[in-house]
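Shown next, in structure tokens, is the structure this report addresses.
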């Protein structure tokens with residue numbers, strides 16, 4: 748499993764209905780994209796839920812890294828580049844994935860929180876603790892899906908959770924989910940990935 752996200756920050760006075768309409772008309776195009784575990788089409792609006800920016804920032808969990816490459820080099824991402832410029836794409840090695848009790852519901856929000864591991868941290872212990880936290884989180888009412896991933900270049904963890912309702916206030920950056928494509932969720936596996 749690989750996690751991926753890019754963020755397109757838009758002007759403060761940008762009409763976010765343009766993004767909503769874009770996702771409404773094009774979001775379904777990845778609903779059957781082989782190798783994509785899930786894509787949460789997320790936005791943040793300036794002044795809503797504490798967001799300082801208008802932003803389109805979809806989050807992906809890939810079951811197959813070749814599918815991720817096929818997407819980034821294909822027509823769908825070319826459209827993003829054509830319309831907004833080429834964004835920096837963050838990606839992380841997947842460590843944990845699990846559906847929650849609300850996996851059958853449509854998610855309303857997702858949260859993403861990054862955590863830099865301390866220089867003196869034992870990485871294996873830190874990862875085990877983070878996985879234990881996600882195992883517990885996966886049993887929480889309202890959790891659709893939760894995942895944990897690692898960027899070993901920065902020794903940074905990314906905590907990603909889809910919620911069927913508004914997310915808790917302390918869970919990190921909050922994004923409204925406009926659409927969810929989840930063609931290969933079953934191939935993501937469940938539990939620890941290493």
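In the working numbering, the protein residues as written are 748 to 941.
No residue lacks a Cβ here, since even glycine has one placed at the ideal position from N, Cα and C.
Just so we're clear, the structure is a prediction, and the values are computed from it rather than from any experiment.
Integer-rounded CB distance, given that residue 836 should sit under 8 Å from residue 751: About 6 Å; that satisfies the 8 Å criterion.
Looking at the secondary structure, which residues open and close the alpha helix (DSSP H) in which residue 873 lies? For residue 873, the enclosing alpha helix (DSSP H) begins and ends at 870-884.
Length of the line joining the Cα atoms of residue 901 and residue 870: Taking the Cα positions, residue 901 is about 12 Å away from residue 870.
Assign residue 879 to one of two classes, buried (16 or more other C-beta atoms within 10 Å of its C-beta) or exposed (fewer than that). Counting Cβ neighbours within 10 Å, residue 879 comes out exposed, since fewer than 16 surround it.
Report yes or no: do three or more beta-carbon pairs, one from the stretch 837-855 and one from the stretch 771-781, lie closer than 8 Å? Touching, no.
Can you pull the DSSP bridge partners for residue 923? Beta-bridge pairing links residue 923 to 790 and 856.
Under the DSSP definition of a beta bridge, which residues are partnered with residue 862? DSSP output for residue 862 lists 904 as bridge partner(s).
To the nearest angstrom, report how far apart residue 904 and residue 773 are at their CA atoms. Roughly 30 Å between the two C-alpha positions.
How should residue 771 be labelled, buried or exposed, when 16 other C-beta atoms within 10 angstroms of its C-beta is the threshold for buried? The residue in question, residue 771, is exposed, as its Cβ has fewer than 16 Cβ neighbours within 10 Å.
DSSP three-state call for residue 784: helix, strand or coil? For residue 784, the secondary structure class from DSSP, reduced to helix, strand or coil, is strand.
Indicate the three-state DSSP secondary structure (helix, strand or coil) for residue 845 in the structure shown. In the structure shown, residue 845 sits in a strand (DSSP, three-state: E or B).
Looking at the secondary structure, which residues open and close the beta strand (DSSP E) in which residue 748 lies? Where residue 748 is concerned, there is no enclosing beta strand (DSSP E), given that its DSSP letter is neither H nor E.
Figure out for me which residue from 872, 923, 830 and 928 has the closest Cα to the Cα of residue 797. Checked all of 872, 923, 830 and 928; the closest Cα to residue 797 is 923.
My output table needs one value for residue 772: the three-state DSSP class, helix, strand or coil. Helix, per DSSP.
Would you kindly report the start and end of the unbroken beta strand (DSSP E) that includes residue 890? Counted as a single uninterrupted DSSP element, the beta strand (DSSP E) harbouring residue 890 occupies residues 890-898.
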